[in-house]
Amino acid sequence: MQGKQIVSKVSAKVASFIIIASLVLVMGKFSLAAEAVFVNALRETWPKEKLTLATEARLRYESLHNFNFLGYGNSVPVGKKKDDILLGRLRVGINYKFSERIRVSLWGYQANAWDFSIPLKTFKNPIFDAEDQPFEDRLELYKAYIEVRLLNKFKIKIGRQRLDYGDFRTFGLCNWTNTGPYLWDAVKLSYDFNRGDFIDIFYGRTKINDSKRFSLNHRHAFNGVGMYSSFKLPFLKARIEPFFSYKGDNTDKYSGEKGGEGRLNEYYIGARIWGRDFYNFDYDFWFSKEFGRRGPDNIDAYAYHLLVGYNFKNLWAKPRLSIEFTYSSGDDDPDDGDHKTFDVGYGVWGAWHGNQWSFFRWRNFQDLQANLELWPVKGVHVVLGLHNYWLAEREDAWYLNPHLYRDPKGDSGRKVGETFDVTVNANLSKIFPNISLLKGHTLSATYGHFFPSEVPREMADEESGANWFYIQWGFKHSWKIL
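Per the working numbering, residue 414 is the first one in the sequence shown, and the count goes up by one each step.
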């Protein structure tokens, strides 16, 4: 009898997994994309082990139809409008704790993009005078830092490191891409209070992703200063996370709207207020104001994000419904010497908006979004999302390719299109906890369709929709040596 129950439970898990996988494969008329709805960067803790060897591996197949990273439909300027790509990334590192006061970490990584139709030389940045792209890197440093705990709650970290905070909109390494951005060579001061409260202050420079040159042998991309903090509020189960950052480049190559060139000096100030499970409600509000100078132009831009969700905990699959609105300012007058297009700063620019290759780069756009999340089986997370996209300002560009898709007169309209997306992620070790070989393994899959509106039809002269599909395997594990 007990054996039959075990077989029955295993069969139910397998059946559920097959049903979900089939759902991903057959829903061809919908747009599916790997999205992040509720995200919080994990706060690093001091390790218990003295010496560990760790690895992270990933292999992803992507199929793009009627668009690529640089264009849409028949107006694709470089590469194929039907692209089949295999992306691989391997990270390996060691972590050593000298004492409860000092630890070091040394990691390397290799990232490859096979059968990518766009030559990597296409992504040469004339300002950096270097290739800068998120697809390939050869035998590169991922982490190389020393961290010293000066007091129990005060630490300093020096070297190559990730700076991930909050929901990754302000600071964060884009893990969806093969190589970032952003990796930092930085000095970071951290102070941890009680209840998870903290404040971090840092100065550093960001790495350029040039697959042909080792990062220590060429210049950095941007100079940066930042502050991020998080404090628990006494109401609504809320936390407030004020932040500030500076993004600069001393190269006199940033062009102005009226002509002339100059340096980059961008400043960001803002905050995030969020809460989870307040009488079954979740909420999230993020705002950032950008100012400074871009070449000879003044910067006056902003962005915000609003989210409200509700958890139905007593229903099957514990569904969570949420509504979001995201806004990123655009420039309504491209010739007045005021730069009003919001730049993402040091954050992740595409993970929330229905297409990881991003039709927008989080500039000059609006996204009204509704989500349904399901947890039908332990270890399986399904997300369905409906998106409606507009340009913030019709006189600004569609930032899939701002050089190609720009109408300064605004005659091409504002509406970009819609998607309906579904995401399926499976943690195999949670689905099959008794199979040790599956520990650390994950699978995810997406199929998608984009329904174009007036902007793609006018700017790209294309009425057909776009499709994309991906399937990804991931592995992450750490072995204790000492």
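Positions of the beta carbon are idealized from the N, C-alpha and C atoms, including for glycine.
If you're wondering where the values come from, they're calculated on a predicted model, not measured in any experiment.
Exercise. Between the beta-carbon of G637 and the beta-carbon of A684, is there less than 9 Å?
Worked result: Residue mapping note: residue 637 aligns to position 224 of the sequence shown, counting from 1. Residue mapping note: residue 684 aligns to position 271 of the sequence shown, counting from 1. No; because the gap between Cβ atoms is not below 9 Å, this pair is not in contact.
For this session: Report the residue from T739, W788, V790, L785 whose alpha carbon sits nearest the alpha carbon of N777.
Result: The residue given as residue 777 occupies position 364 in the sequence shown. Looking at the Cα atoms, T739 is the closest of the given residues.
Problem set entry | For N453, the three-state DSSP class (helix, strand or coil) | Walking along the sequence shown from the start, residue 453 turns up at place 40. Reduced to three states, the DSSP call for N453 is coil.
Exercise. Between the segment 463-470 and the segment 484-491, are three or more C-beta pairs nearer than 8 Å?
Worked result: no
For this session: Closer than 6 Å by C-beta to M440: which residues in its own chain qualify, once you throw out the five before and the five after it? Chain order, please.
Result: Within the sequence shown, the letter at position 27 stands for residue 440. No answer about M440 holds up, because its pLDDT of 35 lies below 50 and its placement is not dependable.
Exercise. What are the uninterrupted segments assigned as beta strand (DSSP E) that are 3 or more residues long and contained completely in the segment 491-554, given in chain order?
Worked result: 495-510, 515-527
Problem set entry | For R685: DSSP bridge partner residues | Position 272 of the sequence shown, counted from the first residue, corresponds to residue 685. Answer is E654, W699.
For this session: Can you tell me which of F511, M640, P594, K731 puts its alpha carbon nearest to the alpha carbon of I559?
Result: Counting from 1 along the sequence shown, the entry for residue 559 is found at position 146. Ranking F511, M640, P594, K731 by Cα distance to I559 puts F511 first.
Exercise. So what does V668 bridge to, in DSSP terms?
Worked result: Numbered from its first residue, the sequence shown carries residue 668 at position 255. In the sequence as displayed, the identity of residue 668 is Ser instead of Val. Beta-bridge pairing links S668 to E674.
Problem set entry | Length of the line joining the Cα atoms of K650 and L629 | For the purposes of this step, residue 650 is identified with residue 237 of the sequence shown, where counting begins at 1. For the purposes of this step, residue 629 is identified with residue 216 of the sequence shown, where counting begins at 1. Roughly 44 Å separates the two Cα atoms.
For this session: Label E876 either buried or exposed according to how many other C-beta atoms from any shown protein chain fall within 10 Å of its C-beta, with 16 as the threshold for buried.
Result: The residue given as residue 876 occupies position 463 in the sequence shown. Exposed.
Exercise. Three-state secondary structure (DSSP) at E831?
Worked result: For the purposes of this step, residue 831 is taken as residue 418 along the sequence shown, with counting starting at 1. It is a strand residue.
Problem set entry | Contact set for L602: own chain, Cβ-Cβ below 6 Å, skip 5 residues either direction | Position 189 of the sequence shown, counted from the first residue, corresponds to residue 602. Excluding positions up to five away in sequence, the list reads I569, I614.
For this session: Grab me the residues of K537's own chain with a C-beta within less than 8 Å of its C-beta, minus the 5 sequence neighbours each way, in chain order.
Result: Position 124 of the sequence shown, counted from the first residue, corresponds to residue 537. So the list reads A543, E544, D545, once near-sequence residues are dropped.
Exercise. When the Cα atoms are used, what is the spatial distance from R793 to Y802?
Worked result: Numbered from its first residue, the sequence shown carries residue 793 at position 380. Numbered from its first residue, the sequence shown carries residue 802 at position 389. The sequence given here places Val at residue 793; Arg does not occur at that position. For V793 and Y802, the distance between alpha carbons rounds to 29 Å.
For this session: Specify the secondary structure class of G760 as computed by DSSP and reduced to three states.
Result: The residue labelled residue 760 in the question sits at position 347 within the sequence shown. Correct three-state label for G760: coil.
Exercise. The alpha helix (DSSP H) with P865 in it runs from where to where?
Worked result: Within the sequence shown, the letter at position 452 stands for residue 865. Premise fails: P865 lies in the beta strand (DSSP E), 854-865, not in any alpha helix (DSSP H).
For this session: Check whether the segment 641-650 touches the segment 664-676, taking contact to mean three or more Cβ pairs, one atom from each stretch, closer than 8 Å.
Result: no
Exercise. According to DSSP, which residues form a beta bridge with E786?
Worked result: Translated into positions along the sequence shown, residue 786 becomes position 373. In the DSSP output, where bridge partners are listed per residue, E786 has R733, V796.
For this session: Helix, strand or coil for G661, going by three-state DSSP, please let me know.
Result: Numbered from its first residue, the sequence shown carries residue 661 at position 248. If DSSP states are grouped into helix, strand and coil, G661 belongs with the strands.
For this session: Inspect the beta-carbon positions of Q779 and A805 and report whether they are closer than 9 Å.
Result: What you label residue 779 is simply residue 366 of the sequence shown in a count that begins at 1. What you label residue 805 is simply residue 392 of the sequence shown in a count that begins at 1. Result yes, Cβ atoms of Q779 and A805 sit closer than 9 Å.
Problem set entry | Among F635, R618, S701, the one whose alpha carbon lies nearest that of E654 | The sequence position of residue 654 within the sequence shown is 241, counting from 1. Here the closest residue by C-alpha is S701.
Exercise. Can you list the beta strand (DSSP E) stretches of 3 or more residues lying completely in the segment 607-648, in chain order?
Worked result: 611-619, 636-645
For this session: Assign S435 to one of two classes, buried (16 or more other C-beta atoms within 10 Å of its C-beta) or exposed (fewer than that).
Result: Stepping through the sequence shown from its first residue, residue 435 is reached at position 22. Bear in mind that the predicted position of S435 carries a pLDDT of just 39, short of 50, making it unreliable; the figure below should be weighed with that in mind. Under this definition S435 is an exposed residue.
For this session: Evaluate D756 with the Cβ neighbour count: other Cβ atoms within 10 Å of its Cβ, from every protein chain shown; 16 or more gives buried, anything less gives exposed.
Result: What you label residue 756 is simply residue 343 of the sequence shown in a count that begins at 1. Per the 10 Å Cβ criterion, buried.
For this session: Given a cut-off of 9 Å, decide if F606 and K556 are closer than it, judged by their beta-carbon atoms.
Result: Along the sequence shown, read from residue 1 onward, the residue named residue 556 stands at position 143. Along the sequence shown, read from residue 1 onward, the residue named residue 606 stands at position 193. No; because the gap between Cβ atoms is not below 9 Å, this pair is not in contact.
Problem set entry | Run of the beta strand (DSSP E) containing K791, from where it starts to where it stops | Working through the sequence shown from its first residue, we reach residue 791 at position 378. No beta strand (DSSP E) holds K791; DSSP gives it neither H nor E.
Exercise. So, helix, strand or coil for R706, using DSSP?
Worked result: By 1-based counting over the sequence shown, the position of residue 706 is 293. Three-state result, R706: strand.
Exercise. Mind checking V534: buried by the 16 CB within 10 Å criterion, or exposed?
Worked result: Translated into the one-based positions of the sequence shown, residue 534 becomes position 121. Checking the sequence, you will find Lys at residue 534 rather than Val. K534 should be labelled exposed.
Exercise. What's the gap between the Cα of I498 and the Cα of K660?
Worked result: The count along the sequence shown starts at 1 and reaches residue 498 at position 85. The count along the sequence shown starts at 1 and reaches residue 660 at position 247. If I take the Cα positions, the gap works out to 32 Å.
Exercise. If you drop the 5 nearest sequence neighbours on each side, which residues of the same chain put their C-beta closer than 6 Å to that of Y680?
Worked result: Here residue 680 refers to the residue found at position 267 when the sequence shown is read from its first residue. Cβ within range, chain order: Y659, F704, G705.
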